[in-house]
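Peer 1: Got a structure for you, written out below as structure tokens; questions coming shortly.
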Amino acid sequence: MTERMRLDDGVERHVRAYFASIAHLRHLGVVLHALRPGFCEMRMTIRPEHTQQHGYLHGGIIGTIADSACGHAALTLLPAGADVVTVEYKLNFLAPARGGQLNVRAEVLNPLPGGRTLTVGEAHAYVVRDGSETRCASALVTYLTLG
Amino acid sequence: MKEEGPRLDEALEGRIRAHFQSIPFLRTLGATLGTVRPGFCELRVPVQPHLLQEHGYVHGGVVGTLADSAAGYAARTVVPEGSGVITVEYKLNFLAPADGEELIGRAEVLKGGRTLTVLRSDVFAVREGAETRCASAIVTYLNLAPR
Chain A
0 MTERMRLDDG
10 VERHVRAYFA
20 SIAHLRHLGV
30 VLHALRPGFC
40 EMRMTIRPEH
50 TQQHGYLHGG
60 IIGTIADSAC
70 GHAALTLLPA
80 GADVVTVEYK
90 LNFLAPARGG
100 QLNVRAEVLN
110 PLPGGRTLTV
120 GEAHAYVVRD
130 GSETRCASAL
140 VTYLTLG
Chain B
0 MKEEGPRLDE
10 ALEGRIRAHF
20 QSIPFLRTLG
30 ATLGTVRPGF
40 CELRVPVQPH
50 LLQEHGYVHG
60 GVVGTLADSA
70 AGYAARTVVP
80 EGSGVITVEY
90 KLNFLAPADG
100 EELIGRAEVL
110 KGGRTLTVLR
120 SDVFAVREGA
130 ETRCASAIVT
140 YLNLAPR
């Protein structure tokens, strides 16, 4: 299982530097919470400027983080220095994102050491309210490896 | 996508514009509501540094937000008076880097049903006056009965 494998130090440094270089995620206050081969979890504290008309988290941000978490999960399986771009994603909203925090966990569905041309990832977004998580959206994301 | 068409009822347009103003996250993005006609809506986002990703293009999540939101306001032009709408799902393909001074989202209703509205939404990047389509989405909205 990919969960038990340890991430190469060079790859981890690359993925963390990649994350740090994304101005929009920094602006939203997204945190890279966990990173393992083929897996990434991102978290964000929900603030008033992130909300929609009902005071819940705006769906656009859920899509943004789902896409990004899958991208970083894809990068963990590629050599240090690798780059990926999103080809497409399909996002389903499952429940209102009502709570104080968003946790997004993404996993690569077609892991292969050394990577692939196309990486397919699955991301699930959970909103945390009173200490318990509710899944509010799920996405399937396709990434293209560049170079 | 046609630029011409019948005018929207003034009261409905006023309600749509007021709704748009009530979304904190769209304000965070600096989005403005352009043309709204029956079955059609255009949204604009000026490109700012905090919306960018690692290559200096607009983050795909912002592109997705724009595609989804433009579709939402196009959907609002065709649902019964007083109805709300909520995104069920969307499938977004990225076609080119979102590189430019401004992004424009244009959405058109493909089918306005009793329960579901299906839309096509395109996002264009404007650079030195020329538009490049950078993403296309098919979006499904659920019509919420008037309360």
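Line order of the protein sequences matches chains A and B.
The opening residue of the first sequence carries number 0 in numbering that gives the first Met the number 0; numbering runs sequentially from there.
The opening residue of the second sequence carries number 0 in numbering that gives the first Met the number 0; numbering runs sequentially from there.
Even for Gly, the Cβ is constructed at its ideal location relative to N, Cα and C.
Just so you know, these numbers come straight off a predicted model, no measurement behind them.
Hey, B:V57 and B:L102: beta-carbon distance below 8 Å or not?
Peer 2: yes
Peer 1: Decide if B:E9 is buried, meaning its Cβ has at least 16 other Cβ atoms within 10 Å, or exposed.
Peer 2: exposed
Peer 1: So, is the C-beta of B:T27 closer than 8 Å to a C-beta in chain A?
Peer 2: yes
Peer 1: A:L77: buried (16+ other C-beta within 10 angstroms of its C-beta) or exposed?
Peer 2: buried
Peer 1: Report the option in B:L94, B:G71, B:T86 whose CA atom is closest to the CA atom of B:V35.
Peer 2: B:G71
Peer 1: Taking 8 Å as the threshold (beta carbon to beta carbon), is B:T116 in contact with chain A?
Peer 2: no
Peer 1: Would a C-beta distance cut-off of 8 Å place A:C135 and A:P110 closer than the cut-off?
Peer 2: Contact flag unset, no.
Peer 1: Over the uninterrupted beta strand (DSSP E) stretch that includes B:T86, give me the two end residues.
Peer 2: 83 to 93
Peer 1: Assuming B:V84 and B:A74 form a contact by the criterion Cβ under 8 Å, report the distance between their Cβ atoms to the nearest whole angstrom.
Peer 2: Indeed, because the Cβ distance is near 5 Å, the residues count as touching under 8 Å.
Peer 1: Taking 6 Å as the limit between beta carbons, can you name the residues of its chain near B:R132, skipping five residues before and five after?
Peer 2: L94, D121, F123
Peer 1: Report the residues of the region 86 to 113 of chain A with a CB closer than 7 Å to any CB of chain B, ordered along the chain.
Peer 2: Of all residues in the region 86 to 113 of chain A, the ones placed with a Cβ closer than 7 Å to any Cβ belonging to chain B are V86, E87, Y88, K89, L90, N91, F92, in chain order.
Peer 1: Alpha carbon to alpha carbon, how far is B:A97 from A:V29? Give it in angstroms, no decimals.
Peer 2: 21 Å
Peer 1: Does B:E53 get closer than 8 Å to chain A when you measure Cβ to Cβ?
Peer 2: yes
Peer 1: Against chain B, does A:I45 count as a neighbour if the rule is that its beta carbon must be under 8 Å from one of theirs?
Peer 2: Residue contact check for A:I45 against chain B: no CB pair falls below 8 Å.
Peer 1: So is B:D67 buried or exposed if we call it buried at 16+ other beta carbons inside 10 Å?
Peer 2: buried
Peer 1: Quick check on A:Y17 - is its C-beta less than 8 Å from some C-beta in chain B?
Peer 2: yes
Peer 1: Less than 8 Å between the beta carbons of B:E107 and B:L118, yes or no?
Peer 2: yes
Peer 1: Under the DSSP definition of a beta bridge, which residues are partnered with B:D121?
Peer 2: B:R105, B:S135
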